[in-house]
Amino acid sequence: MVYNREEQGMRVAYFFAATALSAMFGGLVAAGITLIGSVGSLRLTSLIVIPWSWYGLPSNPADAKFWTPEQRETMKLRDLKRQEYMGANQFDWAQIFSALRTWRLYTE
1094 MVYNREEQGM RVAYFFAATA LSAMFGGLVA AGITLIGSVG SLRLTSLIVI
1144 PWSWYGLPSN PADAKFWTPE QRETMKLRDL KRQEYMGANQ FDWAQIFSAL
1194 RTWRLYTE
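Numbering (the working numbering), first residue to last: 1094 to 1201.
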């Protein structure tokens, strides 16, 4: 995540509120689509949702169009800070064997 610990609580609250609102709005849209009846309801829903999700959603938090340039720069800096804690992307069998030899793995 690219949010600080102090910001995460509010973001989770926004997420839950948006979930309820999107379920309500999605139900209304789905009911309207089923009343059209010309094309299959699932096909029409897919034709609406897939292009929106492909072109409308940003692939990177720093590339979101709805943020100001200052907020984009903040997200880039936070992403760099987060990558420091991610570690290497290389797989090493020695780490697996080291974890399997740790006695705490079998006692807790």
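Glycine residues also receive a C-beta, built at the ideal position from the N, C-alpha and C atoms.
Pick out the complete alpha helix (DSSP H) segments inside the segment 1161 to 1190, 4 residues or longer, and give them in chain order. Those alpha helix (DSSP H) runs which fall completely within the segment 1161 to 1190 and span 4+ residues are 1162 to 1177.
Beta-carbon within less than 8 Å of G1119's beta-carbon, same chain only, minus the 5 sequence neighbours each way: which residues are those? Taking the first residue of the sequence shown as 1, we reach residue 1119 at position 26. Within the same chain, and ignoring the five residues on either side of G1119 in sequence, no residue has its Cβ closer than 8 Å to its Cβ.
Terminal residues of the continuous alpha helix (DSSP H) containing A1155? Position 62 of the sequence shown holds residue 1155. DSSP places A1155 outside any alpha helix (DSSP H), giving it a letter other than H or E.
Are I1126 and L1114 close, meaning C-beta to C-beta below 7 Å? As a working note, residue 1126 is residue 33 in the sequence shown. As a working note, residue 1114 is residue 21 in the sequence shown. No, the pair does not count as a contact, with Cβ atoms beyond the cut-off.
Close-in-space but distant-in-sequence residues of the same chain around P1151 (CB under 8 Å, 5 per side omitted): What you label residue 1151 is simply residue 58 of the sequence shown in a count that begins at 1. Excluding five sequence positions before and after P1151, the CB atoms of its chain that fall closer than 8 Å to its own CB belong to A1157, K1158, given in chain order.
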